[in-house]
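Heads up, the first sequence is in the working numbering, so the first residue is 914 and it goes up one at a time. Worksheet: the structure to be examined is printed underneath.
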Amino acid sequence: MAFSIYNTLTRKTETFEPVHEGRVGMYVCGPTVYGHAHLGHAKSYVSFDVLVRWLRYLGYDVTYVQNITDVGHLTDDADQGEDKLAKQAVREKRHPMAIAEYYTASYFADMDQLNCLRPDISPRATGHIPEQIELVQTLLDKGFAYVVNGSVYFDVATFKDYGKLSGRNREDMQAGARVEVNAEKRNPADFALWKKAEPGHIMQWNSPWGRGYPGWHLECSVMSMKYLGQTVDIHGGGIENQFPHHECEIAQSEAANGVPFVKYWVHNNMVTVNGQKMGKSLGNFILLKQLFQGDHEVLSRAYDPLAVRQLILQSHYRSPIDFSDAALTAAQSGYDKIARSVMTLRNRKVTALQGEVDQVVCVELDRLQAKFEEAMNDDLNTSVALSVLFELIRLSVGQLENDSATVETLDAIDNLFHRLGGNVLGVVKEQYTQAAENDDELLDHLMQLMIEQRQTARKNKDFKAADVFRDRLAECGVILEDKPGGITTWRRK
RNA sequence: GGCGGCGUAGCCAAGCGGCCUAAGGCGACGGUUUGCAAAACCGUUAUUCGUGGGUUCGAAUCCCACCGCCGCCUCCA
């Protein structure tokens, strides 16, 4: 069965066939780096990470490009609103590029925790200003754009396909227009390609039209074309970007190139928190760092990044997901079960006997792999794929209870955990350690416990036992030092 | 006002015309195990899919109506 994916452009699930056989170019709208990543980023990038991993599993040579938006565009196309990066820069009293640098590093750190593979290319918008100017010039030359007072706008009336992605037409939008009309535009639906910089605007560049900065749809078109060609196989992003962002990308790209910009548009759905849209003003805005540390009033504890990943994969990427403390707790329990089962299996391999692979187990493994592949091929049904992992656990448990299970049989099971749970879903780790993330704190507590036990022995004049404590700890590389006043401290050797 | 989605057990969630008297996870309950716990393991937990009609030999799955919830249409992943 071939891989099928839902294409927003055609509103159908289609069999996936890349433009060039065996190779896939995939572009995903990346974050604007003016703050730490939040739950919405997690859902989006975990979903696309699984898509990349699945394509690679299928044998495609994937080039995954995800931009970093390091120039904060205006909040709308009218001459109002603020540049988000500049705003944050003022708040933090740092240069906008320092802000971008800082939050880019933060973003990658969070995505690493979620076990998202790094994109092959992470191009920065500010590193592609010449290319963006070039595209604007092309559009002007071809008559799809016009200059007004140092700004350049795309003339929507010249592009007949405008609205094909989002199912809108210009008439409807004019009827329901809410955005204050920018007097410079010929048509309210026209969008900025290049904006004239106001005197106070920090991030600005020279252009044929004067000092200014690029419109917010431009960077994705330019960087997608530069690294992946005029027609990319997959362009992904959040559903909220379907209009106007992606619609505008299509318009400017196809007007310039005369060929389709994207073959498959893939959009993932949004997250809610406790049933409501996540928003800064609603008090339910959760950053990933807060989630991983349990540092938020709606959270009862810290959650393992991979448990969060598992929660995301439990539902479909095109369905909205509601994050709640209860949902996270449930996902954490499920994740712990997988981790413990895999650990138990791997530990057992050390002592198991050598021999033949159990053929009955093999047949079952083949069945599970087929079920997994079928689910993933069906528009990435990660929920069913994940359920296969739990079936695999049951199979594994059965073998662990069987004293004559061979290393080879256990290996075959582990191999499937590794390939399906690890390589594809990214919830099974390569290596598990008993140690917690915050080892130092744990160590402190354990040492305190040890010292208390030894104090009790000393109080009872059981110096022999007290010495055994000290000697055994010394063997572990820990030195105990008895200070005056009955205080005992410890240090590493 | 325009566009789109959703409503399946206590909770999350898959299924999208017959294999469904509906996966999987969490929780709960009963049992095995345990000095007691924890963990682990076994079992039970929806004859029914928001409500009411209709189409069909057959519907959770298609159509209509109604009720309820959510998102997008302004930057947002």
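Glycine is no exception: its CB is placed at the ideal position from the N, C-alpha and C atoms.
Span of the beta strand (DSSP E), counted from its first residue to its last, around residue i
{"i": "I918", "result": "917–920"}
{"i": "I1234", "result": "1234–1236"}
{"i": "T1322", "result": "First-last for T1322: 1320–1329, but that is the alpha helix (DSSP H), not the beta strand (DSSP E)."}
{"i": "Y1345", "result": "Per DSSP, Y1345 belongs to no beta strand (DSSP E) and is neither H nor E."}
{"i": "A1058", "result": "1058–1061"}
{"i": "I1400", "result": "1400–1405"}
{"i": "D1217", "result": "Note, D1217: premise wrong, no beta strand (DSSP E); not H, not E."}
{"i": "I1392", "result": "1391–1396"}
{"i": "K1139", "result": "Note, K1139: premise wrong, no beta strand (DSSP E); alpha helix (DSSP H) at 1131–1141."}
{"i": "E1210", "result": "Run containing E1210: none; DSSP gives neither H nor E here."}
Sheet register partners of residue i (DSSP bridge)
{"i": "Y1177", "result": "I1147"}
{"i": "W1122", "result": "DSSP, once it has assigned bridges, lists no residue as partnering W1122."}
{"i": "G938", "result": "T976"}
{"i": "F1156", "result": "None; F1156 has no bridge partner."}
{"i": "T1369", "result": "BP columns for T1369 are empty, so no partner."}
{"i": "A1105", "result": "Y1066"}
{"i": "H900", "result": "As shown, the chain starts at 914 and ends at 1406. That puts residue 900 outside it, with no answer to give."}
{"i": "H951", "result": "L1200"}
{"i": "R1383", "result": "Answer is none; R1383 lacks a bridge partner."}
{"i": "I1034", "result": "V978"}
{"i": "Q1189", "result": "V1186"}
{"i": "T928", "result": "S917"}
{"i": "P1127", "result": "W1107"}
{"i": "T945", "result": "T982"}
{"i": "L1266", "result": "T1319"}
Nearest residue (CA-CA) to residue i, options the options
{"i": "L1278", "options": "E1304, L1266, S917", "result": "E1304"}
{"i": "D983", "options": "G1171, H954, G948", "result": "G948"}
{"i": "V1270", "options": "L1308, A1240, T1295, A1318", "result": "A1318"}
{"i": "K1406", "options": "G1390, T945, P1397", "result": "G1390"}
{"i": "F882", "options": "S960, G1040, A950, E1044", "result": "In the structure displayed, the chain extends from 914 to 1406; residue 882 sits before or after that span and is not available."}
{"i": "G880", "options": "V1049, L964, C942, R1385", "result": "The structure shown does not extend to residue 880, since the chain spans only 914 to 1406, so no value can be given for it."}
{"i": "G953", "options": "L1308, Y1230, V1135, E1097", "result": "Y1230"}
{"i": "S917", "options": "F1198, L968, V1003", "result": "L968"}
{"i": "M1136", "options": "S1035, L1355, F1198", "result": "S1035"}
{"i": "C942", "options": "S957, L1329, T928, E930", "result": "S957"}
{"i": "L1266", "options": "F1236, N1315, G1311", "result": "N1315"}
{"i": "V1145", "options": "K1342, F1205, K1176, G1128", "result": "K1176"}
{"i": "V978", "options": "L1200, S1246, V1003, H1148", "result": "H1148"}
{"i": "Y1126", "options": "A1013, L1200, N1328, M1116", "result": "M1116"}
Same chain only: Cβ atoms within 8 Å of residue i, ignoring 5 sequence neighbours per side
{"i": "F1382", "result": "M1363, Q1366, R1367, A1370, L1393"}
{"i": "Q1203", "result": "H1209, L1212"}
{"i": "D1074", "result": "I1163, A1164, E1167"}
{"i": "L1078", "result": "T921, L922, Q1155, F1156, H1159, E1160, I1163, W1178"}
{"i": "S1194", "result": "none"}
{"i": "Y1059", "result": "L1053, V1065, Y1066, D1068, R1099"}
{"i": "R1404", "result": "V1391, I1392, E1394"}
{"i": "V1274", "result": "L1308, Q1312, T1322, A1325, I1326"}
First through last residue of the alpha helix (DSSP H) which encompasses residue i
{"i": "K1000", "result": "997–1005"}
{"i": "K1202", "result": "1201–1206"}
{"i": "V984", "result": "Note, V984: premise wrong, no alpha helix (DSSP H); not H, not E."}
{"i": "T1017", "result": "1009–1026"}
{"i": "K1284", "result": "1272–1290"}
{"i": "G1044", "result": "First, the residue type needs correcting, since residue 1044 is Glu and not Gly in the sequence shown. First-last of the alpha helix (DSSP H) with E1044: 1042–1054."}
{"i": "T1039", "result": "Unbroken run through T1039: none, as it is neither H nor E."}
{"i": "T1295", "result": "1295–1313"}
Close beta carbons around residue i, own chain, < 7 Å, minus the five adjacent residues each side
{"i": "K1284", "result": "V1301"}
{"i": "S1120", "result": "I1046, W1107"}
{"i": "H1130", "result": "F1104, H1158, C1161, E1162, Q1165"}
{"i": "Y1016", "result": "V946, Y947, G948, H949"}
{"i": "G1123", "result": "G1063, K1109"}
{"i": "G1089", "result": "Only weak support exists for where G1089 lies, its pLDDT of 44 falling under 50; the value from the coordinates is given anyway. Excluding sequence neighbours, G1089 sits near nothing in its chain."}
{"i": "S1296", "result": "Q1227, S1228, H1229"}
{"i": "Q1189", "result": "L1195, N1197"}
{"i": "E1343", "result": "G1335"}
{"i": "A1018", "result": "none"}
Proximal residues to residue i (C-beta, below 6 Å), its chain only, five neighbours per side dropped
{"i": "N1170", "result": "Q1143"}
{"i": "A1298", "result": "F1285, A1288, M1289"}
{"i": "R1037", "result": "I981, D983"}
{"i": "I1152", "result": "H1180, N1182"}
{"i": "Y919", "result": "T926, D1292"}
Check: Between the segment 926–938 and the segment 1198–1213, are three or more C-beta pairs nearer than 8 Å?
Finding: no
Contact between the segment 1058–1074 and the segment 1178–1185 is defined here as three or more beta-carbon pairs at a separation below 8 Å; is this criterion met? no
Under 8 Å: do the segment 1310–1326 and the segment 1260–1267 share three or more Cβ pairs, one atom per stretch? yes
- [ ] Please determine if the segment 1280–1295 and the segment 1251–1260 are in contact, where contact requires at least 3 C-beta pairs separated by less than 8 Å.
- [x] no
At a cut of 8 Å, does the segment 1217–1229 reach the segment 1021–1037 through at least three beta carbon pairs? yes
Counting Cβ pairs, one atom from each stretch, are 3 or more of them under 8 Å apart for the segment 1234–1253 and the segment 959–977? no
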